[in-house]
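Working notes, beginning with the structure itself.
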Amino acid sequence: MNQSDIHLLDLPNEILIIILKKLNNIDVLYSLFEINNERLDILVQDSVFTKILNFVRTSSITDDKLNRFCTTILPQIHHSIKKLILETTSIERILLAGDFPYLTSLELVNFGKDTVFRYLKDDSFYRHIFKHQITDLILHNNDECTYEISLKTYARNFYAPIMAFFENLKHLTIVSSSVYEYPFLLLHNFPPTIYFSTTLTVLNINVFVFDDCLCLLDGRLNQLTTFNVQIHFITSPIYMRYNMDELHNLKCFSLTSYNITFDYDELVVPLLRRMAYLEKLTLYLRIRTPNRYIIDGTHLHNEILVHMPKLQIFIFYISTEIYTHRLIPHKSLENIQQTFTNWKYGQTDCILDNVIGSTITHVYSLPFTFTYLEKITNQFPTMGLNTVTHLYVYDEVSMKHEFFMRINRDCPMLKCFSLKNEMEQSWNCDEFKSDNNLSYSIIEYSHLISLDIAYVNIDYVVQFLLETKTHLPCLTELKIKYNQLKTVTMNFTRNTTRRNCSKVERLIIEESRKFSKDVYQYFPSL
Numbered sequence: 001m002n003q004s005d006i007h008l009l010d011l012p013n014e015i016l017i018i019i020l021k022k023l024n025n026i027d028v029l030y031s032l033f034e035i036n037n038e039r040l041d042i043l044v045q046d047s048v049f050t051k052i053l054n055f056v057r058t059s060s061i062t063d064d065k066l067n068r069f070c071t072t073i074l075p076q077i078h079h080s081i082k083k084l085i086l087e088t089t090s091i092e093r094i095l096l097a098g099d100f101p102y103l104t105s106l107e108l109v110n111f112g113k114d115t116v117f118r119y120l121k122d123d124s125f126y127r128h129i130f131k132h133q134i135t136d137l138i139l140h141n142n143d144e145c146t147y148e149i150s151l152k153t154y155a156r157n158f159y160a161p162i163m164a165f166f167e168n169l170k171h172l173t174i175v176s177s178s179v180y181e182y183p184f185l186l187l188h189n190f191p192p193t194i195y196f197s198t199t200l201t202v203l204n205i206n207v208f209v210f211d212d213c214l215c216l217l218d219g220r221l222n223q224l225t226t227f228n229v230q231i232h233f234i235t236s237p238i239y240m241r242y243n244m245d246e247l248h249n250l251k252c253f254s255l256t257s258y259n260i261t262f263d264y265d266e267l268v269v270p271l272l273r274r275m276a277y278l279e280k281l282t283l284y285l286r287i288r289t290p291n292r293y294i295i296d297g298t299h300l301h302n303e304i305l306v307h308m309p310k311l312q313i314f315i316f317y318i319s320t321e322i323y324t325h326r327l328i329p330h331k332s333l334e335n336i337q338q339t340f341t342n343w344k345y346g347q348t349d350c351i352l353d354n355v356i357g358s359t360i361t362h363v364y365s366l367p368f369t370f371t372y373l374e375k376i377t378n379q380f381p382t383m384g385l386n387t388v389t390h391l392y393v394y395d396e397v398s399m400k401h402e403f404f405m406r407i408n409r410d411c412p413m414l415k416c417f418s419l420k421n422e423m424e425q426s427w428n429c430d431e432f433k434s435d436n437n438l439s440y441s442i443i444e445y446s447h448l449i450s451l452d453i454a455y456v457n458i459d460y461v462v463q464f465l466l467e468t469k470t471h472l473p474c475l476t477e478l479k480i481k482y483n484q485l486k487t488v489t490m491n492f493t494r495n496t497t498r499r500n501c502s503k504v505e506r507l508i509i510e511e512s513r514k515f516s517k518d519v520y521q522y523f524p525s526l
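Quick note on the numbering used here: the sequence shown kicks off at 1 and runs consecutively.
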């Protein structure tokens, strides 16, 4: 049978575009632009390939490749570009390669306070783009929130210049570049003019305390239709009174707080009742209730949802923690589940834990879409947790190897894992701690970066550091008791625990200590 050769250029343009759309636009332009083929030149200048350029996504953006873009490609297609995704190190080279008259969207990776000082200046050559053209801005903040950082100074030097320099912003999103939080916006002791905008409609940001959230909703951003906020501490306002009028324009609201709040009734409920025009609500809350009640379907309906007649979507995770020494009415898991009967916002589930002097109820919508899950016990939910990157597990009963296998299976994207358990894991300690025990299948946490095992029985140190039980190929941060680490690693000589320690860059122990030479040899990445 005769076979004829079919070349790429034999295909019609429609098919070529379908094929090339599966590639990164950067690769398409670099490979096919100006290769002495007029048809391809015209084809790759289609808006499909020039409207959005992501210089971060490609792993092969060498200096020579970037130079060709800046000298040859961008000067010819800059008028077609509407969005750029850039590393901050390449901002200047790329933005000086053309006028970019239709550039309105900018996403900057590894952005920080040093970037603000360098680029957000009135004498920069591209200030017109920043000041007047950019309406959508996404910043991946790589500054870490540490005790050394003054949030007040950071607000003045980072947040304020952004709002002042980008005069026509409609959408602003600030996210973290890593698993660690960036410095929170502290706003409550600044005048309203420092974070004021008549154009901003969408805001995604992390703030320090509840006051800062109230500030942003006091009228200074009166055009907001979507507000997604993470609040570090939800505590009672102590500084001033705020405008508490109804938020007529707000249609989508997301409130996330990973720390426990005691002020849910006084703060969160009144805020939500101001949102009568809301169409989508997302809540992630951890609550300790002094009034001895559990947040369930009945409470959510009567206290919050009845005040939102236009609400269509409600996504939530809410845990309620009550000290068990209090006299509270007994409420079974079935009782809680029944309060979500005839629930019109989709499927729900709940977990009821009694552990270490507390009763904790977790109620949540399905599917579970959040990245954090905290204070979970052996009654680990069987639902899919594909989005969970941060997990805190604790219990007062033993956690077996099979339990950690299940965590690995149900949380495949886990990056930060904290464990608290003082109970022995195995009755046969010698067998469990043996280097050569083949009765346990090896668990590999492929994405785990940070591990906190500072408050565990030594069995769990063995569980995670011994390579015949667990493999941690990406671990860069380890929090642990020094004496347990020294024992399990056999005074930093044991080969079967060496591999899981080899990439650790940050070793956190309970007391200040100057590490010996043996520690640095055992942890070569410190």
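For glycine and all other residues, C-beta sits at the position ideal for the given N, C-alpha and C.
Could you say which of the options lies nearest to residue i if we only look at CA atoms?
i           : options            : result
residue 301 : 266, 139, 345      : 345
residue 317 : 285, 519, 516, 93  : 285
residue 14  : 39, 445, 312       : 39
residue 399 : 412, 408, 385, 377 : 377
residue 354 : 495, 319, 342      : 319
residue 84  : 67, 116, 136       : 136
residue 413 : 420, 504, 393, 385 : 385
residue 204 : 25, 450, 159       : 159
residue 367 : 374, 352, 379, 388 : 388
residue 80  : 48, 250, 206       : 48
Determine the direct distance from the alpha carbon of residue j to that of residue i, and round the result to whole angstroms.
i           : j           : result
residue 321 : residue 360 : 4 Å
residue 162 : residue 357 : 47 Å
residue 268 : residue 219 : 18 Å
residue 287 : residue 347 : 22 Å
residue 132 : residue 169 : 9 Å
residue 416 : residue 390 : 5 Å
residue 147 : residue 464 : 29 Å
residue 188 : residue 493 : 52 Å
residue 154 : residue 96  : 29 Å
residue 369 : residue 283 : 11 Å
residue 516 : residue 90  : 41 Å
residue 468 : residue 489 : 14 Å
residue 157 : residue 331 : 50 Å
residue 497 : residue 235 : 43 Å
residue 164 : residue 174 : 16 Å
residue 441 : residue 178 : 31 Å
residue 483 : residue 241 : 50 Å
residue 506 : residue 126 : 39 Å
residue 405 : residue 230 : 31 Å
residue 381 : residue 274 : 34 Å
residue 225 : residue 339 : 31 Å
residue 130 : residue 237 : 35 Å
If you run the structure through DSSP and keep just helix, strand and coil, what is residue i?
i           : result
residue 8   : helix
residue 45  : coil
residue 111 : strand
residue 443 : strand
residue 486 : helix
residue 56  : coil
residue 352 : strand
residue 206 : strand
residue 401 : helix
residue 188 : coil
residue 464 : helix
residue 234 : coil
residue 50  : helix
residue 269 : helix
residue 456 : strand
residue 15  : helix
residue 377 : coil
residue 261 : strand
Less than 6 Å separating the Cβ of residue i from some heavy atom of the ligand MG?
i           : result
residue 271 : For the structure depicted, the ligand MG is absent and the ligand set is empty, with no information on it obtainable.
What does DSSP give as the partner residues of residue i in its beta bridges?
i           : result
residue 390 : 372, 416
residue 137 : 106, 172
residue 280 : 252, 313
residue 451 : 417, 478
residue 245 : Answer is none; residue 245 lacks a bridge partner.
residue 26  : Paired residue(s): none; residue 26 is not in a bridge.
residue 337 : Residue 337 is not bridged to any residue.
residue 319 : 286, 362
residue 228 : 204, 254
residue 199 : Looking at the DSSP assignment, residue 199 forms no beta bridge with any residue, so it has no partner.
residue 307 : Per DSSP, none; premise fails for residue 307.
residue 132 : In DSSP, residue 132 forms no bridge with anything.
Quick one: complete alpha helix (DSSP H) runs, 4+ long, within the segment 493 to 526? 517 to 522
What ranges does the alpha helix (DSSP H) occupy inside the segment 56 to 99, keeping only unbroken runs of at least 4 residues that lie completely in it? 63 to 68, 74 to 77, 91 to 95
Please specify which runs of the alpha helix (DSSP H), each continuous and at least 4 residues long, are wholly inside the segment 138 to 165, giving them in chain order. 151 to 154, 160 to 165
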